[in-house]
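Colleague:
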Amino acid sequence: MSADGVDAVGPPSVPTPARPGPRPTPSAPAPTGDAPAPPVLDGELDARLAAVEALPLEDRATAYVQLHDSLRDHLEGGDVPRSKAE
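Here it is in structure tokens:
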């Protein structure tokens, strides 16, 4: 802020909250409607959550941890299993 109380204006190429910069281009093509949905997104998640909710309270935390790990492995590629040391 300058001495007269007016903010200095940056060059026009600098993104501001009122004028965001260009949108990034996607690195991978969007999935087509022909590709089958992953099982997690194809209704299996609802069934797995219902099964966890049906467990006794003492067992739910462990089941949620297992579900979380399974979802994370799926989202991160799933081809390399997570080590037990983590």
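Take the sequence shown: its letters are residues 1261 to 1346, numbered as in our numbering. Just so it is clear, CB atoms sit at the ideal spot from N, CA and C, and this is done for glycine as well. Small disclaimer: the values here were computed from a predicted structure and weren't measured.
In angstroms, rounded to a whole number, what distance separates the CA positions of Glu1318 and Leu1335?
Modeller: Cα to Cα, the separation comes out at about 27 Å.
Colleague: Specify, as a first and last residue, the run of the alpha helix (DSSP H) that Ala1323 falls within.
Modeller: From DSSP, the alpha helix (DSSP H) with Ala1323 extends over 1317-1335.
Colleague: Give the range of the alpha helix (DSSP H) segment to which Ala1310 is assigned.
Modeller: Element bounds for Ala1310: 1304-1313.
Colleague: Just the Cα atoms here: how many angstroms apart are Arg1308 and Gly1337?
Modeller: If I take the Cα positions, the gap works out to 20 Å.
Colleague: Could you name the residues of the same chain whose beta carbon sits closer than 6 Å to that of Leu1315, not counting the 5 residues immediately before and after it, in chain order?
Modeller: Counting only Cβ-Cβ distances below 6 Å, and skipping sequence neighbours, we find Ala1323.
Colleague: Considering only residues of the same chain and omitting the five flanking positions on each side of Val1312, which have a CB-CB separation below 7 Å?
Modeller: Contacts found: Arg1320, Ala1323, Tyr1324, Leu1327.
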